[in-house]
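> Chains as they are written, first to last, in the numbering used here: chain A, 6 to 72; chain B, 1232 to 1855.
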Amino acid sequence: MTTATDFLDLSLWIFDFMVKFLLPIVSGILAIIGIYGVFTRIPKTLNKWVWKQADEFQKAMRGRGGR
Amino acid sequence: MPIVAVALVCMFILPGYVQAAEYVDKTIDMEIDSENQDNYDEVVNLGDPSTAATNPDTWTPSPRGIWLGASTEESLFSLNDILYDNNTLDLFHEVKFNSTQIMNGASITIIRSPVNMEGVESLRFSLYRLLDDSGWSIFEVGDSHLITGAYEYVARVDVNISDTSITGGEDTWIQGDRCYIELHAPIYSGVNYVLHWRVTYDIDARPSIYLSSQDVANDNITNTRAALVNEVEPDNIVIRNYSWAVEPGVSYDMINGLGNSLYAESVYVHAGDYLTWEASDPDYPDDEWDYYHTLMMPFVTDDHTLNATVRYTMANTNETLVWQDSRTEWLDYILACSEAPIEFGSGGRYTRVNITFNEDVRVNFMFVDTPDYYLDDMATFVLSGIAHTIYARPWASYQLSLGDIVPPSVNPYDWPGLLEVQENQKQTWYGTIIGIAMVIVGAAAIATGIGIPLGAALVVGGVSMMILEDIAHRSGYRGLPDLVAGVFSNAIDAIWDALQGVGEFLRSVGEGIWDAITWFVDAVIEFGAYLIGMLLIPIAMLIFFYPVQYQLKLWSFAWAMADGDLRGAGREANGIIRDSSKAVRTTIRMASKVDRRVKVAHKAYSKWQKNREATRDDGEGDKR
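(1) Going along the chain, which residues of its own chain have a beta-carbon closer than 8 Å to the beta-carbon of A1251 (chain B), five neighbours each way excluded?
(2) Using a Cβ cut-off of 8 Å, pull out every chain A residue sitting near L1783 (chain B), in sequence order please.
(3) Given a limit of 9 Å on CB to CB distance, which residues of the stretch 19 to 45 of chain A reach chain B?
(4) Inspect the beta-carbon positions of V1351 (chain B) and I1392 (chain B) and report whether they are closer than 8 Å.
(5) Which of the three DSSP states is assigned to D1534 (chain B) in this structure?
(6) Return the bridge partner residues of P1479 (chain B) from the DSSP annotation.
(7) How about D1374 (chain B) and T1319 (chain B): do their beta carbons lie closer than 8 Å?
(8) At the 8 Å Cβ level, is W56 (chain A) part of the contact set with chain B, yes or no?
(9) Is it right to say L1797 (chain B) is buried, meaning 16 or more other beta carbons lie within 10 angstroms of its own, or is it exposed?
(10) Taking 8 Å as the CB-CB limit, is L1797 (chain B) close to chain A?
(11) Quick one: what's got a C-beta closer than 7 Å to I1333 (chain B)'s C-beta in the same chain, skipping five residues either side?
(12) Assuming A1458 (chain B) contacts H1324 (chain B) under a Cβ cut-off of 8 Å, what Cβ separation, rounded to an integer in Å, is found between them?
(13) Buried or exposed, going by whether 16 or more other CB atoms sit within 10 Å of the CB of I1412 (chain B)?
(14) Report the three-state DSSP secondary structure of R1843 (chain B) (helix, strand or coil).
(15) I want to verify the contact list: residues of chain B whose CB lies under 8 Å from the CB of K53 (chain A), in sequence order.
(16) If you drop the 5 nearest sequence neighbours on each side, which residues of the same chain put their C-beta closer than 7 Å to that of I1617 (chain B)?
(17) Go ahead and label W18 (chain A) buried or exposed: buried means 16 or more other beta carbons lie within 10 angstroms of its beta carbon, across all protein chains shown.
(18) Does the beta carbon of M1772 (chain B) sit closer than 8 Å to a beta carbon anywhere in chain A?
(19) Name the residue from B:I1807, B:L1767, B:G1764 and B:G1799 whose alpha carbon lies nearest to the alpha carbon of L1785 (chain B).
(20) What does a CB cutoff of less than 6 Å around T1663 (chain B) pick up in its chain, not counting 5 residues either side in sequence?
(21) Identify whether N1934 (chain B) lies in helix, strand or coil by the three-state DSSP scheme.
(22) Hey, does W1750 (chain B) have any beta-carbon neighbour from chain A nearer than 8 Å?
(23) Leaving out five residues on either side along the sequence, give the residues of the same chain with a beta carbon under 7 Å from the beta carbon of D1272 (chain B).
(24) Which chain A residues are close to L1685 (chain B), counting only those with a beta carbon under 8 Å from its beta carbon?
(25) With distance defined between alpha-carbon atoms, name the residue in B:W1839, B:I1702, B:A1771 and B:S1357 nearest to E1742 (chain B).
(26) Does L1767 (chain B) have its Cβ less than 8 Å from a Cβ in chain A?
(27) Listed from N- to C-terminal order along the chain, which residues in the stretch 1835 to 1847 of chain B have their beta-carbon within a distance smaller than 8 Å of any beta-carbon of chain A?
(28) Would you check if the stretch 1537 to 1549 of chain B and the stretch 1617 to 1627 of chain B touch, i.e. whether three or more CB-CB distances between them fall below 8 Å?
(29) Can you find the residues in the same chain that come closer than 8 Å, C-beta to C-beta, to D1521 (chain B), ignoring five residues on each side of it along the sequence?
(30) If the criterion is Cβ atoms closer than 8 Å, does the pair V1584 (chain B) and W1475 (chain B) meet it?
Take a look at the structure:
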């Protein structure tokens, strides 16, 4: 005999499954992917910045030596 | 006046004398029919019966119940043999009681042995019940003798020959040169029994047996046999067989009656005393390995209650406990149940039931007669450390059950009322309900712009669920869970049914949606739990998808920052802020809508109230 309470149980299970189980796991996966993405991007960005600064510096030095 | 006095004397006193005079003379007719009567050591003088010592007079203690035996004193008959170290005397005697003596039978009988206890080293008494009239004889087994023929054991008692106490000690006692055995065993009228005494003697003893000149139980059976094994030397064993057409001097005092194989033992027990018997572990039906064990045993006490502990153990030297149950107040019967299911074989082959009493009380238990060849069915009361054996099975039921069993109340006020009438099983509509929830969430997702593809997928999925549910019901299933089971059990049929005609399918879609709507209305009215359940599912989905979306945006922002793309990061941040403010705005809008509705409703109510008052005023004005 199934009752309204059975359905409520099923709903609670779905709620628990999505909110307590699936959400932390998906958040965790997103966090791992996100952190990985950040760490792979930072060196490139820093590298780009350093090269840019070096170019600027070189340019400045060349300009000075030329005079 | 004197004439009146004489007449009164004649009328009242003389008849008494006349009546008494008829019973003064008592005649005892005795027929002594024995080929060995001249061998008696002692001959009773029957010349004057009024002064002769009768047999019951020689009993210690005096008989209490129905006494049976030779009425005259017995004679002592000594064998000629002087016994060596290894010796055995087996004495057998057949008897049949009749119903005028003991009615159905006796359950407690004191039997006085015919063996003269002088020089006796050990004594064992056995009682056999003959199964047919084919007769019996004796045969030699090792250094002793047994009977041939079809028989069953009724009882076997090893007598403690140092026990001389009648009231204390075991159920046997030695008084003078006689041994008395209080036998707690069913003995019937109309059944042939063989009594067997196995005696070993001290060295140099000379066996002697009391014999009677009378037919003890008036059964017309004088079948007495004795066999003596005397080991004169290891290679010289003398065996003598005696067959006498006289009765041994056995007599009976039957102190408790017997119904048809059922009788009660009434015992005064003290705390710590117990009743125990051996049993065999029950066989289990094939389909289960674990069952609860239950013992039911009725009893009678003055106040209907009994404080006792039931223990069920393996019948080995350690008496390993299998289960136990205890109550301070068993009511009219013990109904002890194991706390947990017992695995098959936990009790081993042979087990033991032990009912320990936790109070001082007189208790009555029922016993049933189940004689067998191996003397299995017997129980023992251990009272103050001394064993008293009952040669019958305690009337108890041992059963297995899938659930535990508790004693029901015998108070009519505790009896359960009528069972609540239940409707037939309803169809489940989980598929439809979840489908509706998915449609709502999907529609919300599309409307709020959270995710159009996701919302569309939810709507399509929800509609599919509702259609599936409807197909399930049409196919005779109660709902989606059954449909899933049905698909596994009969996949081709289910598919075939599902594909029966496009028209029917389309109609089913329409009816499915209609069913869903009507159900939804009914459910809202009838089942609040369904409503809460339905609300929970979209809430769960929103709680899941919103954070996921926000996290994605957050990481996009973080990646843009890591890329050094400050403008992109700004865009992402703007997006987050926009969505947040949209959510806040939506909430405020919904709240203001509700507020507006409330205001409109309040305005309408005020108007209605005003009209009502105006109408009433008009009515009252008309009256005036």
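All C-beta atoms, glycine included, are put in the ideal place defined by N, C-alpha and C.
Result, derived from the coordinates:
(1) The pLDDT assigned to A1251 (chain B) is 42, lower than 50, so where the model puts this residue is not dependable; a value taken from the coordinates is nonetheless given after this. Correct list: empty, nothing qualifies.
(2) L35
(3) I19, F20, D21, F22, M23, V24, L27, L28, V31, S32, L35, A36, I38, G39, I40, G42, V43, F44 and T45
(4) yes
(5) coil
(6) B:L1442
(7) yes
(8) no
(9) exposed
(10) no
(11) I1297, S1420 and M1485
(12) Going by Cβ atoms, the distance from A1458 (chain B) to H1324 (chain B) rounds to 13 Å, so no, they are not a contact pair.
(13) buried
(14) helix
(15) G1795
(16) G1400 and E1401
(17) exposed
(18) yes
(19) B:I1807
(20) M1697, E1700 and A1747
(21) Any answer about residue 1934 (chain B) is impossible in this case: the structure gives chain B only from 1232 up to 1855.
(22) no
(23) Note that D1272 (chain B) scores 48 on pLDDT, short of 50, meaning its location in the model is unreliable; the coordinates nonetheless yield the value given after this. Contacts found: S1306, L1307, F1308 and S1309.
(24) Result: empty, since nearest Cβ-Cβ is about 14 Å, beyond 8 Å.
(25) B:I1702
(26) yes
(27) none
(28) no
(29) P1572, I1573, E1574 and F1575
(30) no
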